[in-house]
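> Below are the structure tokens for one structure; questions will follow.
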Amino acid sequence: MELKSACRMVLFPVQMLFYIVRASLSALFPSRRKDLSKEVVLITGGGRGIGRHLAKEFAKQGARKVILWGRTEKCLKETAEEISLSGTECHYFLCDVANREEVYKQAKVVREKVGDVSILVNNAAVVHGKSLMDSDDDALLKSQHINTMGQFWTTKAFLPRMLELQHGHVVCINSILSQSPIPGAIDYCTSKASSLAFMESLTLGLLDCPGVSCTTVLPFHTNTEMFQGMRVRFPQLFPPLKPEIVAQRTVDAVRADKAFLYLPWTMHALVILKR
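In terms of full-length UniProt numbering, the sequence shown opens at residue 1 and continues consecutively.
And the structure:
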């Protein structure tokens, strides 16, 4: 056992060097982009904001089918009709990802009516934007259930079939606030930090699963309805992102099998400075 441990200690620096070189080469020589023409994409929170733009971008990039989940039928219907008019088959289902039984029930309906989901995009999220003492207990629970626990239920619903087929991709639209929290959004920052831990663990766990991968997107403040009224201290230095840009970069990261995507790239420096 001691000899085995000693060998691992010796090999560890070599393995680290190998992965660093491989990552550097991947950055310099990007791999061929994944073809989406056979993919069935399901997007939670797909009726509005980033979710709506993600649906349009996946359709634009050639996805075979797009499925929208959300809680507001009007928004889902409008988005689905817009995508259908562009020539891509699109379906929508009312589903609250915070409700475990509802997620499993609707996942079964999706498989029966549309087919196996090959790309799952966990995008649904809420934010209340209040301090801890000003936050209602039910509102705090709601943000944790939607932003974090919802990912557990959706991933458990669709990942087993991906592993069986050895083909699939799990995507999470997270936030840079998961690594660099701000005051006044304690529920959102906490839930996104938990979500990031979930995705990091899932990504590592799937390294030995051929054909199935993960992408976690960590954008800065995005100009959507959910963050209306949010103020940035240095708006000229850190302007809000456009949701269509987040969608474009996310789909490109999925096609490139990129595990983590920071938007904009300057967020790398923010995380380093925070540490």
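Using N, Cα and C, we set each Cβ at its ideal position, and we do this for glycine too.
Between Gln-144 and the rest of its own chain, which residues show a CB-CB distance below 6 Å, the 5 nearest in sequence each way excluded?
Here residue 144 is taken as the residue at index 144 of the sequence shown, counted from 1. Ser-191.
> So the candidates are His-221, Ala-247, Thr-72, Asp-96; which of them puts its Cα closest to the Cα of Thr-154?
Reading the sequence shown from its first residue, position 154 is the one you call residue 154. Taking only the C-alpha atoms, the option nearest Thr-154 is Asp-96.
> Rounded to whole angstroms, what's the CA-CA distance from Phe-158 to Tyr-92? Just pull it up for me.
In the sequence shown, the residue the question calls residue 158 occupies position 158. In the sequence shown, the residue the question calls residue 92 occupies position 92. Near 17 Å, if we compare the C-alpha coordinates of Tyr-92 and Phe-158.
> Look up Cys-189 in the DSSP assignment and say whether it is helix, strand or coil.
Locating residue 189 in the sequence shown gives position 189, where the first residue counts as 1. Three-state DSSP puts Cys-189 in a helix.
> Look up Leu-165 in the DSSP assignment and say whether it is helix, strand or coil.
As a first step, residue 165 is located in the sequence shown; it is residue number 165 there, counting from the start. Residue state, collapsed to three classes: helix.
> What alpha helix (DSSP H) runs, 4 residues minimum, are completely inside the segment 135-179?
Fully enclosed alpha helix (DSSP H) runs of 4 or longer: 137-144, 150-165.
> In whole angstroms, give me the CA-to-CA distance for Asp-138 and Thr-44.
As a position in the sequence shown, residue 138 is number 138, starting the count at 1. As a position in the sequence shown, residue 44 is number 44, starting the count at 1. Near 22 Å, if we compare the C-alpha coordinates of Thr-44 and Asp-138.
> Measuring straight from C-alpha to C-alpha, what distance separates Ser-201 and Lys-77?
By 1-based counting over the sequence shown, the position of residue 201 is 201. By 1-based counting over the sequence shown, the position of residue 77 is 77. Spanning the two alpha carbons is a distance of roughly 35 Å.
> When DSSP labels each residue in this structure, what does Thr-79 get in the three-state scheme?
By 1-based counting over the sequence shown, the position of residue 79 is 79. In the structure shown, Thr-79 sits in a helix (DSSP, three-state: H, G or I).
> Taking the straight line between their C-alpha atoms, what separation do you get for Leu-120 and Ile-67?
By one-based count along the sequence shown, residue 120 stands at place 120. By one-based count along the sequence shown, residue 67 stands at place 67. Going by the C-alpha atoms only, they are around 10 Å apart.
> Please state the DSSP three-state secondary structure of Val-246.
Translated into the one-based positions of the sequence shown, residue 246 becomes position 246. Correct three-state label for Val-246: helix.
> At 4 residues or longer, and completely inside the segment 45-97: list those alpha helix (DSSP H) runs for me, N to C.
Listed in chain order, they are 49-60, 73-85.
> Would you identify the three-state DSSP class for Leu-196, choosing helix, strand or coil?
Within the sequence shown, residue 196 is the residue found at index 196, counting from 1. DSSP places Leu-196 in helix when its eight states are reduced to three.
> For Gln-248, which residues in the same chain have their Cβ closer than 7 Å to its Cβ, ignoring the five residues on either side in sequence?
Locating residue 248 in the sequence shown gives position 248, counting from the first residue. Glu-57.
> Rounding to the nearest angstrom, what Cα-Cα distance links Leu-42 and Leu-85 in this structure?
What you label residue 42 is simply residue 42 of the sequence shown in a count that begins at 1. What you label residue 85 is simply residue 85 of the sequence shown in a count that begins at 1. The straight-line gap from Cα to Cα measures roughly 18 Å.
> Nearest by alpha-carbon distance to Arg-71: which of Ala-55, Glu-102, Gln-61 is it?
Here residue 71 is taken as the residue at index 71 of the sequence shown, counted from 1. Closest by alpha carbon: Glu-102.
> Tell me the residue span of the beta strand (DSSP E) that contains Val-217.
Stepping through the sequence shown from its first residue, residue 217 is reached at position 217. Counting along the chain, the beta strand (DSSP E) containing Val-217 begins and ends at 212-219.
> With DSSP run on the structure shown, which of helix, strand or coil describes Val-40?
Your numbering for residue 40 matches position 40 in the sequence shown. If DSSP states are grouped into helix, strand and coil, Val-40 belongs with the strands.
> Can you tell me whether Val-117 is helix, strand or coil according to DSSP?
On the sequence shown, position 117 is the one that residue 117 refers to. Residue state, collapsed to three classes: coil.
> Taking only three categories from DSSP, how would you classify Leu-263?
Position 263 of the sequence shown, counted from the first residue, corresponds to residue 263. Leu-263 falls in the strand class under three-state DSSP.
> How is Leu-11 classed by DSSP in three states: helix, strand or coil?
Here residue 11 is taken as the residue at index 11 of the sequence shown, counted from 1. Reduced to three states, the DSSP call for Leu-11 is helix.
> Excluding sequence positions up to five away, which residues of its chain have a Cβ less than 8 Å from the Cβ of Thr-215?
For this step, residue 215 is matched to residue 215 along the sequence shown. So the qualifying residues of the chain are His-169, Val-170, Val-171, Cys-172, Thr-250, Ala-253, Val-254, Asp-257, Lys-258, Ala-259, Phe-260, Leu-261.
> Who are Thr-222's beta bridge partners in DSSP?
Translated into the one-based positions of the sequence shown, residue 222 becomes position 222. DSSP, once it has assigned bridges, lists Leu-241 as partnering Thr-222.
> Using C-beta distances below 6 Å, list every residue in its chain close to Thr-148, excluding the 5 sequence neighbours before and after it, in chain order.
On the sequence shown, position 148 is the one that residue 148 refers to. Answer for Thr-148: Ser-191, Ser-194, Ser-195, listed in chain order.
> Would you mind giving the Cβ-Cβ distance between Ile-83 and Cys-90, rounded to the nearest angstrom? I have them listed as a contact below 8 Å.
Here the question's residue 83 lines up with position 83 in the sequence shown. Here the question's residue 90 lines up with position 90 in the sequence shown. The pair is a contact, with the Cβ atoms about 4 Å apart (cut-off 8 Å).
> For Leu-132 versus Ile-186, is the C-beta distance shorter than 7 Å?
Taking the first residue of the sequence shown as position 1, residue 132 is located at position 132. Taking the first residue of the sequence shown as position 1, residue 186 is located at position 186. In this structure, Ile-186 lies closer than 7 Å to Leu-132 by Cβ.
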